[in-house]
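Residue numbers (my numbering), protein chains in the order written: chain A, 12 to 440; chain B, 12 to 440; chain C, 12 to 440; chain D, 12 to 440.
Backbone N, C-alpha and C fix where the C-beta goes; we use that ideal spot for every residue, glycine too.
Just so it is clear, the structure is predicted and the values come from calculations on it, not from any experiment.
Encoded structure:
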């Protein structure tokens, strides 16, 4: 039986004050959708079945190279983090898995499994880390990891990824995500061809150890922490990697990892068309890899990404990309941000499901650009909040997760147990 | 025997006043390079053997959607254009071929051959045009050409490319360059997957007609004339195309066709490493596809591109990318800009040849980022103008092409023959 | 009495089939807003009073430097254009004025006034043009206009602006908008300080001729048609201009004229705070000055701009910025695009009016970032289409302007009268 | 008498092996410049008189939010930092001052003065820090400092800046530099007008305490650490600040703090023209605020900035902008990077001094864009290294600072005294 961290009576009380309005709104929306030939319950059921993973590191307060300002009740370890994830899952009913980051989340695998299953949580992809040095590590990643010029360093980085696979096997993960910061800060610092050759060789060693029912996700990023060049700098290089490695290798798309102005939804389409779309790290950005809350800056872009995903579902068999939030919460309570971000991802999905694809196709084939874009806008304009809220409520979640979370007093409670972290500056400028 | 448009005595007179200084500068530079273990004559010989093609459209004054301000003596047709190209070739000795654009340059192929061979000019890649409607054309390219939803439109665009190949065969071209403006201006206007499928199918038909000793170059561009999405938007899509088509298909890189901040030299390296670097459209840009003179905005970037090319020459067999200028001359005499741009491309090549590759490799392998980047900077800092000037002079060109061109009075002479074009606004805003 | 181009019975018939649903949707939305303490009729009245100007050039098909693909029934002159504008005004009831562009729209002022008043249209700001050469013009603007190095050229450009003011006085305009393309294509081509000095001097001459009840709007733009530098490149320079000129000088903001990633709503706030926000050219963009339909690419950004405007209304007295659409319609019927764009501007305004400003202020003062941003999102998520449609219907416009326009057959009718324009390429690449 | 950290005999020995070649290169360059009418010694003397400040934080290894990889012999405190700065000054003779950052560099002012004067170093601008929380600080800067909604927080931030002025007075600084990270991460989190109002009020309090012979520098930055909006986001806002505060307030330009593609040299010109150019933080960038070594990514841009400065010197009286390096050295020995960066700043200055300004002006006035840009290119192409090296040698510095530094064994020596810092990950992602 699933344990509940937030007392279900709190949720019930909060829902009680909102249920009547929700029913009215759901019904009137249902009627409007019915006019468009859409069955609201069918949409709601798809939304209810949708889940996005929460990364373990997301529940702690993030920071920048300038400073980090911790909040109250910061999780002390992976077990605290799992509890925070359980709160998110309970209130939103939209985040059924947790994604671990090694070495930070290393612990007895059986204890990990047990901790998660208490709350009926599963484990999503394993994340390795070779962008910083762990204590006691023999070789430094200062000049690269999987693509380093130095063989011993590459071997250490390979070994770390193999360990992540091992841990993942024990706890029931089915994927490894590899993102590295390798690159260079000066023209000439590395030879691009040699460095990429090293990277491919290292990845082949990791791929060879991947269980048959696993997937390997590689993630591209334009820059940061390297500021002149990055090994896996864009989807073009990412595609080359996935193709070189084999059928279990796929490309991961983080919405904040592209050059300014790039059309990301088109990249999604290309990768899907060529069978290499692995999944997403959802977040939003205005400038660079800002890791802001999904949908908080450009919600229409998030919708356009989901428009591609819904389209792809109808085109390609065995199409099931992974979904994960990957955000840095610097000025909000991470639990609050993650709850609303999960909802915003669901919102984009629900809106994409509303697109009249027959009308859209007709307009496209007839070169009726305006009618085509209006087919998208009509779906996007629809306020689907009643659908999301109904899906949550029917599964035991909160109609209003934010209000309910605040009403529960959870943060204050854990702040009593978890020690305050001194505000500190990284002093890195 | 090669005809000369500029009287050789003009060149001789201009060179005479500069030759003594050139010899001093060449010798003192030679001595400095000797200290670094570099033989200046070897560099000069490589520079002398280097050529970059001039596009026929480049010798006319360009413009923007806002206006075009023609200069005096604008070429009236392809034969005038060939004469202008001959002037550039004569003075710079760096531009041995002309690249035609169909339908604008359509003419009796034998007359074309004859016109070029008078000046010992060859023909570079053929360029098709399906980004605008030619007079009398049955189908419009308003909504796309090779990727259009409408089959008749696609067929017409294929047919046009086949015609370009036919013309090229007659005049001795060995390549076809395909750049299209197809894309969309609104989210939803096109289905990305369908559109790209159409494009690939069309290109396969064209590829099938390509002679065995030809190459097919496809060119990517982020945006413009389409402002929401473009079919061949980046090197990732361009690579997919070249791989789908086959061994004669290669990717063309225009330096102004990328997203802001993108590391272009790295794209050059990736394409070379995977055997798909076809060549370049050289120019420079600050904002978008500005088509400014090569090396006029960021000369170090041009050097870094050539640094990759020189590196690639030592790595890959059968590596011989095509070089062409592709610029829009809005405020200068196009002949002057093209002469100096050809020299700036040679300059970057000469500087890249000066890089001490052994020292560079040593620094890279030793993680000595500063020494590595200094190896590039030392080469780039070298003022190689005496090498370029000597290569020109020894082949009959001008030590100072700009001064010599101006002294020749060429522009005033053709302005007497070629009628003035009324300044006109396109009225497109 | 106002003439109607579209037969009112067509509108009535189209509205008849939609009115019942509209009433239901309006009422249910009203009820939801009521729960939030918002009176839907008050919002509707504000929306009904809102108007955005249509630029005369907007009703013709646009183009790029690569090509222009005219549609059927292109307006032949300013009188055709006024008729097209009247259709937009009739169906949307949101565009009460037309903005003229001289010299293209030059005609007998009395005839202009008469033509507009037939349809109860007024005239918005006058737009001068010195970015292209008009026939017969003595000095060319190839190297600049108001900021040119050559005094005769500057004087001619000043004179042209004075003429625009004169025309405007006759027809009842109350503002002059000055946008110039002056800049440079090469480092060193101009001296920045000298060029800006010339510009300021020229503008002072124009300002001196401005009637007391007029406003002078200057518009900044990052680049294009100049590709290295632009005289009025950003809001910083624009602000300096408005301050140097005097109290009647204001800054105009075109949403597509900024560097990538720039926070435009913040610029709006700064200009408003320092009393220099003149108004807007509405459109949307993904890459540069794409001139796409307002709200078609990033509708949330448009909302955030209006959020600033609604906030500013409560802060500053005498705050009444000008609103104009400035778009290029390359693949759609311009009338259709302008109708939907006017609605999308109204939509952003309506959504901004829904923001609970008290709750927002409370969240801001309490550093509750999440609650603050949710206050915006709640307003933005609201589908205000019933409010817009009701405002249109009640004023005699169409519930669904696009469907009604198509049903009216207007385009086909004018295509019979207005001759087809041959598809032509500008040949400028 | 000035103490020397590097044994002068080491410098002499290193110089001895290079002096003969240097004299040859200096003389042949002198001859070439003489042909252009330039006296090489005059240039050398200006270069010798030029100095750029070193920031105290620059001599420590930098990092990113992902990780920091310390090097050997990291300075432990401000006194170690001053010694590292003394090494840079001794070898380059180009960095005569150090810029302190409070609170990190807080120490007994008399000890500070003594430590610096031992090496004949002065103190440049004081830098306050309110972008991170110092230990024991009462109010947190999590939600802003000088612009925070909370008055107590603003007061604390003001107080800190007043303290910086006090320290600066004691040690002989003549300027305060204020850069804050205040902004927001979500639309709506702050009210732009209120926030800027708070900022201006706070700055007025600081300005009021500024001694008469001091300058106040404010620094704009587009983003980071705030990712939706930043209070002082661009030069437009920065100019408003300097104007609001008064005659002692100036704008500081950091080359990496602008939007993509922005023309920075033009901003330099505008600020100089309106009397508000305070100075520079030199570095280079490819993507964002990358803080890479000055001139390492786009050396021509650095030259174009100095081209404006040399031009401004001839135009404006009392023009003496401040120069400081502001870089983050993540993969190099910071001393090495700072030495070469100082030289690259001098290089740009020397090249700018070579521009034939009369010829340039003539080309500009004659609309000869090509000749104008060639006047810049000719100066930029000149390899001025012999001038820089001669200026260094004549003042007791090293012909080749990098080789001499490495030969001195300084880093190994301090690594014996200064304890190794454990590689650590910030764990902030």
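* Rank C/175, C/22, C/416, C/78 by C-alpha distance to the C-alpha of residue 225 of chain C and give the top, closest one. => Within the third chain, numbered from 1, the residue matching residue 225 of chain C stands at position 214. Looking at the Cα atoms, C/175 is the closest of the given residues.
* Between residue 154 of chain D and residue 90 of chain D, what straight-line distance do the alpha-carbon atoms span, to the nearest angstrom? -> Working through the fourth chain from its first residue, we reach residue 154 of chain D at position 143. Working through the fourth chain from its first residue, we reach residue 90 of chain D at position 79. Residue 154 of chain D and residue 90 of chain D: Cα-Cα distance of roughly 33 Å.
* Asked: Looking at the C-beta of residue 190 of chain C, does it have a partner C-beta in chain D at a distance below 9 Å?
  -> Position 179 of the third chain, counting from 1, holds the residue named residue 190 of chain C. Proximity of residue 190 of chain C to chain D, defined by a Cβ-Cβ separation below 9 Å, is not satisfied.
* Under the three-state reduction of DSSP, which class applies to residue 66 of chain C: helix, strand or coil? -> By one-based count along the third chain, residue 66 of chain C stands at place 55. Of the three classes helix, strand and coil, the one that applies to residue 66 of chain C here is strand, per DSSP.
* Segments assigned alpha helix (DSSP H), at least 4 residues, entirely inside the segment 212-287 of chain B -> With a minimum length of 4 residues, the continuous alpha helix (DSSP H) runs that stay inside the segment 212-287 of chain B are 246-256, 275-284.
* Under 7 Å by beta carbon: chain C residues contacting residue 271 of chain A -> For this step, residue 271 of chain A is matched to residue 260 along the first chain. Within chain C, the residues 271, 272 have their CB atoms less than 7 Å from the CB of residue 271 of chain A, given in chain order.
* Let me know if residue 28 of chain C comes out buried or exposed under the rule of 16 or more other beta-carbons within 10 Å of its beta-carbon. => Indexing the third chain from 1 puts residue 28 of chain C at position 17. Of the other Cβ atoms in all chains shown, fewer than 16 fall within 10 Å of the Cβ of residue 28 of chain C; this residue is therefore exposed.
* Inter-residue Cα distance where the pair is residue 251 of chain B and residue 232 of chain A -> Here residue 251 of chain B is taken as the residue at index 240 of the second chain, counted from 1. Here residue 232 of chain A is taken as the residue at index 221 of the first chain, counted from 1. Cα-Cα distance, rounded: 20 Å.
* Asked: Counting Cβ pairs closer than 8 Å, one from the segment 187-201 of chain D and one from the segment 121-139 of chain D, do we hit at least three?
  -> In short, these stretches touch, since the Cβ pair count reaches three.
* Proximity test, Cβ basis, 9 Å: residue 206 of chain D and chain A -> Here residue 206 of chain D refers to the residue found at position 195 when the fourth chain is read from its first residue. No, its Cβ sits nowhere closer than 9 Å to a Cβ of chain A.
* To do: Can you tell me which of D/61, D/344, D/380 puts its alpha carbon nearest to the alpha carbon of residue 423 of chain D?
  => By one-based count along the fourth chain, residue 423 of chain D stands at place 412. Looking only at D/61, D/344, D/380, the smallest Cα-Cα distance to residue 423 of chain D is reached by D/344.
* Asked: Looking at C-alpha atoms only, which residue of C/161, C/145, C/300, C/101 is the closest neighbour of residue 116 of chain C?
  -> Mapped onto the third chain, residue 116 of chain C falls at position 105. When each option's Cα is compared against that of residue 116 of chain C, the closest is C/145.
* Asked: Is residue 125 of chain C closer than 9 Å to residue 380 of chain D when the C-beta atoms are compared?
  -> As a working note, residue 380 of chain D is residue 369 in the fourth chain. As a working note, residue 125 of chain C is residue 114 in the third chain. No, they are not a contact pair.
* Identify whether residue 336 of chain C lies in helix, strand or coil by the three-state DSSP scheme. => The residue labelled residue 336 of chain C in the question sits at position 325 within the third chain. It is a strand residue.
* Asked: Taking the beta strand (DSSP E) that residue 187 of chain C falls in, what are its first and last residues?
  -> Residue 187 of chain C sits at position 176 when you count from the first residue of the third chain. Here the beta strand (DSSP E) through residue 187 of chain C covers 186-189.
* To do: Taking only heavy atoms of the ligand MN into account, decide whether any of them is closer than 8 Å to the Cβ of residue 265 of chain B.
  => Among the ligands in the structure shown, none appear at all, so the ligand MN cannot be discussed.
* According to DSSP, which residues form a beta bridge with residue 138 of chain D? -> On the fourth chain, residue 138 of chain D is found 127 positions in, with the first residue counted as 1. Looking at the DSSP assignment, residue 138 of chain D forms a beta bridge with D/112, D/188.
* chain A beta carbons: is any one of them nearer than 9 Å to that of residue 261 of chain C? -> The sequence position of residue 261 of chain C within the third chain is 250, counting from 1. Under the Cβ distance rule, residue 261 of chain C does not count among the residues neighbouring chain A, no pair being separated by less than 9 Å.
* Asked: Is it true that the CB of residue 304 of chain C sits closer than 9 Å to the CB of residue 197 of chain B?
  -> Along the second chain, read from residue 1 onward, the residue named residue 197 of chain B stands at position 186. Along the third chain, read from residue 1 onward, the residue named residue 304 of chain C stands at position 293. Yes.
* Asked: Taking Cβ positions only, does residue 382 of chain A come closer than 9 Å to chain C?
  -> As a working mapping, residue 382 of chain A is identified with position 371 in the first chain. Yes, residue 382 of chain A lies at the interface with chain C (some Cβ there is under 9 Å from its Cβ).
* According to the neighbour-count rule (16 or more other Cβ atoms, all chains shown, within 10 Å of its Cβ), is residue 192 of chain B buried or exposed? -> For this step, residue 192 of chain B is matched to residue 181 along the second chain. By the neighbour-count definition (other C-beta atoms within 10 Å, threshold 16), residue 192 of chain B is a buried residue.
* To do: Thinking residue 152 of chain C and residue 143 of chain C are a contact (beta carbons under 8 Å), I'd like their distance in whole angstroms, please.
  => As a position in the third chain, residue 152 of chain C is number 141, starting the count at 1. As a position in the third chain, residue 143 of chain C is number 132, starting the count at 1. Beta-carbon to beta-carbon, residue 152 of chain C and residue 143 of chain C are separated by about 7 Å, close enough to satisfy the 8 Å threshold.
* Cross-chain neighbours of residue 310 of chain B in chain E, by beta carbon under 7 Å -> Of the protein chains in the structure, A, B, C and D, none is chain E.
* Asked: If you compare alpha carbons, which of D/53, D/96, D/160 is closest to residue 133 of chain D?
  -> Counting from 1 along the fourth chain, the entry for residue 133 of chain D is found at position 122. Among D/53, D/96, D/160, the Cα nearest to that of residue 133 of chain D is on D/96.
* Reducing DSSP to helix, strand and coil, say where residue 289 of chain B ends up. => Position 278 of the second chain, counted from the first residue, corresponds to residue 289 of chain B. Assigned with DSSP and collapsed to three states, residue 289 of chain B falls in strand.
* Given that a residue counts as buried once 16 or more other Cβ atoms are within 10 Å of its Cβ, and exposed if not, what is residue 108 of chain C? -> By 1-based counting over the third chain, the position of residue 108 of chain C is 97. With 16 or more Cβ atoms within 10 Å of its Cβ, residue 108 of chain C is classed as buried.
* Proximity winner among B/244, B/204, B/287, relative to residue 333 of chain B (alpha-carbon distances) -> Taking the first residue of the second chain as 1, we reach residue 333 of chain B at position 322. Ranking the options by Cα distance to residue 333 of chain B, first place goes to B/287.
* To which residues does DSSP link residue 295 of chain C through a beta bridge? -> By one-based count along the third chain, residue 295 of chain C stands at place 284. Partner residues in the beta bridge of residue 295 of chain C, as assigned by DSSP, are C/303.
* To do: Take residue 104 of chain C as the anchor and find which of C/384, C/351, C/205 has the nearest alpha-carbon.
  => Here residue 104 of chain C refers to the residue found at position 93 when the third chain is read from its first residue. When the alpha-carbon of residue 104 of chain C is set against those of C/384, C/351, C/205, the nearest one is in C/351.
* chain B contact for residue 369 of chain A (CB, 9 Å cutoff) -> The sequence position of residue 369 of chain A within the first chain is 358, counting from 1. Not one chain B Cβ lies under 9 Å of residue 369 of chain A.
* What first and last residue would you give for the alpha helix (DSSP H) that runs through residue 330 of chain C? -> For this step, residue 330 of chain C is matched to residue 319 along the third chain. It is not in any alpha helix (DSSP H) - residue 330 of chain C carries neither H nor E in the DSSP assignment.
* Figure out for me which residue from A/165, A/33, A/237 has the closest Cα to the Cα of residue 78 of chain D. => Working through the fourth chain from its first residue, we reach residue 78 of chain D at position 67. Closest option to residue 78 of chain D, Cα to Cα, is A/237.
* Whose C-beta lies closer than 6 Å to the C-beta of residue 84 of chain A among residues of the same chain, with five residues either side of it excluded? -> Counting from one through the first chain, the residue named residue 84 of chain A turns up at place 73. Closer than 6 Å at the Cβ level, and outside the excluded window around residue 84 of chain A, lie 422, 425, 426, 429.
* To do: For chain B, find out if any of its Cβ atoms is closer than 9 Å to the Cβ of residue 385 of chain D; answer yes or no.
  => Here residue 385 of chain D refers to the residue found at position 374 when the fourth chain is read from its first residue. Among the residues facing chain B, residue 385 of chain D is included, as its CB has a counterpart in that chain under 9 Å away.
* **Neighbour flag for residue 137 of chain A against chain D, beta carbons, 9 Å** => On the first chain, residue 137 of chain A is found 126 positions in, with the first residue counted as 1. When Cβ-Cβ separations below 9 Å define contact, residue 137 of chain A makes no contact with chain D.
* If you run the structure through DSSP and keep just helix, strand and coil, what is residue 128 of chain A? -> Walking along the first chain from the start, residue 128 of chain A turns up at place 117. Residue 128 of chain A: helix per DSSP, three-state reduction.
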